[in-house]
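Reading through the C-alpha cells given below for one structure.
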Amino acid sequence: MTHRLSWLLLCASFAALCLLIWPLPREALDWQPALATREPWRALTAAFVHWTPIHLAANLAGCAVLALLGHRAQLDKRETIAALIALPLTQLALLLRPDLHRYAGLSGELHALAAIAALSLIARPGRDRIIGAAIALGLIAKLALEHPLGPALSTAPGFDFPVAPFAHLAGAAAGLIAWGMTMRGYPRSPRSPHGT
1 MTHRLSWLLL
11 CASFAALCLL
21 IWPLPREALD
31 WQPALATREP
41 WRALTAAFVH
51 WTPIHLAANL
61 AGCAVLALLG
71 HRAQLDKRET
81 IAALIALPLT
91 QLALLLRPDL
101 HRYAGLSGEL
111 HALAAIAALS
121 LIARPGRDRI
131 IGAAIALGLI
141 AKLALEHPLG
151 PALSTAPGFD
161 FPVAPFAHLA
171 GAAAGLIAWG
181 MTMRGYPRSP
191 RSPHGT
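Be aware that the sequence shown starts at 1, since it is given in full-length UniProt numbering, and climbs by one per residue.
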C-alpha cells in the first residue's frame, strides 16, 4: 500500500464502521458524559453511531467528499496519522459541554479531516496554498455561523436530527492540534528553496 492510499483507506474505514454499527443498539454506543468513566469505549464508538438514515447518509457523503479531496490533494501517511489522533481528541473535547447529554455521529471528526486537509494545502506553495486557505476560510465561516458556544443542540434545515455545533468546533480544533503534532519538522514544500 502506498502512503497516498492511507487517507483513502481511512475515509473508507470510517464509512464502513458507520455502516457496521448502524444496526447495533445506539444506547450502548453513543456518547453520554455521565457514563464516560464507566464505559470509556463510548468516546470512540459514538463517532460511528447515527440517529437517523439522513444522519448516516450525510456523514457517508462527508467521508466521500473528504476522500476525494484527500486523493486530489495527495494527502499521505502523516495526514492520516493526524486524523487518527484527532478522533479521540474530538470525542473527549465533548466533556467540555456537560449539557450535551447524548451525542452520536462522525461530523466532528469530518471537521477535523477538513482542517487537516486545509492546513496541509496551506503549507504548500502556489495554487495549493490558495485552495487550502479557501477551505480554511469556509470552515471558519461555517463554524461561526453555527454558534458552537451557544445551545448544545440546534436544528438544521433538511435534517431530521439535532445538530451539535460544538462537536464541529471540537473536531476542527482537534484537527489543528493533531496536524501540528504530526507535521512538526515536516518540509513545508516539496520544492527546494534554492529553485532546483
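In this text, a Cβ means the ideal position worked out from N, Cα and C, and glycines have one as well.
Can you tell me the Cα-Cα spacing of L110 and A141, whole angstroms? Each residue's alpha carbon lies about 16 Å from the other.
CA nearest to the CA of E92, picked from I54, H168 and R72: Note on identity: in this sequence residue 92 is Leu, with Glu being the wrong assignment. Per the Cα distances, H168.
7 Å Cβ shell around W22 - same chain, five flanking residues per side excluded: H50 and L56.
Unbroken stretches of the alpha helix (DSSP H), 4 residues or longer, contained in the region 100–124: Within the region 100–124, the complete alpha helix (DSSP H) runs of at least 4 residues are 107–122.
Opposite V163 in the DSSP bridges: which residues? Note: V163 sits in a beta bridge opposite S154.
Does W31 come out as helix, strand or coil in the three-state DSSP assignment? It is a strand residue.
Would you identify the three-state DSSP class for T52, choosing helix, strand or coil? Residue state, collapsed to three classes: coil.
Three-state class that DSSP yields for P98 in the structure shown: Reduced to three states, the DSSP call for P98 is coil.
How far does the alpha helix (DSSP H) with A133 in it reach, from first residue to last? Taken as a continuous stretch (DSSP letters only), the alpha helix (DSSP H) holding A133 covers R127 to E146.
Assuming A170 and T90 form a contact by the criterion Cβ under 8 Å, report the distance between their Cβ atoms to the nearest whole angstrom. Their Cβ separation, rounded to whole angstroms, is 5 Å, which keeps A170 and T90 in contact under 8 Å.
Comparing C-alpha positions only, which one of A58, L10, F161 and P151 sits nearest to H71? Measuring from the Cα of H71, the nearest candidate turns out to be L10.
Do A15 and L60 have their beta-carbon atoms positioned less than 7 Å apart in this structure? Remark: C-beta atoms of L60 and A15 approach each other more closely than 7 Å.
Contact check, W31 vs R42 under 8 Å by CB: the rounded distance? Contact between W31 and R42 holds, since their C-beta atoms are separated by about 5 Å, short of 8 Å.
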